[in-house]
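Numbering (our numbering), first residue to last: 10 to 303. Beta carbons are placed, not taken as given, at the ideal position from N, Cα and C, and that holds for glycine. Quantities reported herein were computed from a predicted structural model and do not represent experimental measurements. The structure appears below as structure tokens.
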Ligand SMILES: Nc1ncnc2c1ncn2[C@@H]1O[C@H](COP(=O)(O)OP(=O)(O)OP(=O)(O)O)[C@@H](O)[C@H]1O
Ligand SMILES: [Mg+2]
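Encoded structure:
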């Protein structure tokens with residue numbers, strides 16, 4: 010592995026800083042893998058039309074673990090995350106190669122129904138996006154739509170809101186519009202909405218980026234509580250957040266394609282979070298987590 014330069018000139022763009030490291034393209038390092046793998050990507054490549062957005066990602070997600078995906082803007086974190094529940098199917102130009110196995114089954118196999126995939130693998134987005142409905146109906150919507158067998162919807166709503174640490178704040182105004190909640194409450198409502206349909210895996214794309222530090226801390230506490238019941242995969246730009254909440258971290262970067270110059274994302278290093286932050290193997294990881302670029 011190449012040694013990294015001692016200094017970077019100030020004002021250097023993140024992309025230039027990564028290139029300056031000049032490490033081998035095949036430096037992807039996979040550390041200790043989880044014992045109980047819920048999902049894995051196998052040689053995942055993603056294209057938008059002719060653009061090769063993500064190159065050969067191999068990642069394993071452990072049961073009841075929180076995995077963080079970090080890396081500079083445009084390196085393909087959201088693209089990979091969206092592939093994990095076939096959300097990229099909704100982008101007409103997107104094409105996926107390789108496989109993503111969920112409990113051993115390839116979710117891209119021809120007969121797999123993407124809607125069914127999303128019932129098992131839920132998603133929380135960057136910006137809280139409650140429906141224009143009451144707090145109650147935001148939660149009840151999912152179970153109704155998927156025809157979940159429910160004895161008492163009130164219990165389902167309460168359980169989901171308790172599970173998202175929101176019940177005490179909203180129990181007296183369940184019939185009020187979700188839009189009346191604060192941003193942090195709306196994000197926890199979206200988490201409650203996701204868990205109401207009892208998924209197994211929850212994908213979160215920068216779930217705290219629109220929240221203030223107090224709301225962020227509540228969502229992080231919630232993620233740590235939820236870990237006992239769910240497998241969580243979270244994209245974050247907040248390094249402290251990755252260090253605080255995650256068990257494992259995947260660091261991505263992007264490098265220019267030799268022929269087109271387009272920047273293709275790749276996984277650089279995947280390991281236990283404490284090892285990624287204390288003892289990164291790849292100089293690109295070290296440069297990123299020490300704040301020297303990105
Ligand atoms: N719908 C799309 N159509 C075409 N190109 C796309 C689309 N979505 C993403 N891309 C491209 O794919 C690459 C990876 O984007 P992606 O959004 O996955 O990056 P990211 O790591 O999540 O970045 P950020 O940290 O800024 O959210 C980028 O070059 C982006 O422009
Ligand atoms: Mg993104």
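Beta carbon of residue i: closer than 7 angstroms to some heavy atom of ligand 1?
i	result
residue 95	no
residue 60	yes
residue 277	no
residue 83	yes
residue 281	no
residue 255	no
residue 100	yes
residue 150	no
residue 104	no
residue 293	no
Does the beta carbon of residue i fall short of 7 angstroms from some heavy atom of ligand 2?
i	result
residue 86	yes
residue 214	yes
residue 126	no
residue 244	yes
Thinking C-beta only, is residue j closer than 8 angstroms to residue i?
i	j	result
residue 172	residue 144	no
residue 65	residue 220	no
residue 244	residue 214	yes
residue 212	residue 130	yes
residue 187	residue 198	yes
residue 63	residue 78	no
residue 263	residue 83	yes
residue 107	residue 50	yes
residue 196	residue 222	no
residue 47	residue 240	yes
residue 225	residue 251	no
residue 42	residue 69	yes
Let me know if residue i comes out buried or exposed under the rule of 16 or more other beta-carbons within 10 Å of its beta-carbon.
i	result
residue 156	exposed
residue 85	buried
residue 193	buried
residue 278	buried
residue 30	Below a pLDDT of 50, predicted positions are generally treated as unreliable, and residue 30, at 41, falls in that range; no measurement from the model is reported.
residue 61	buried
residue 287	exposed
residue 105	buried
residue 118	exposed
residue 170	buried
residue 74	buried
residue 97	buried
residue 285	buried
residue 201	buried
Checking the sheet assignment: what are the DSSP bridge partners for residue i?
i	result
residue 54	106
residue 68	50
residue 139	Its beta-bridge partners do not exist; DSSP assigns none.
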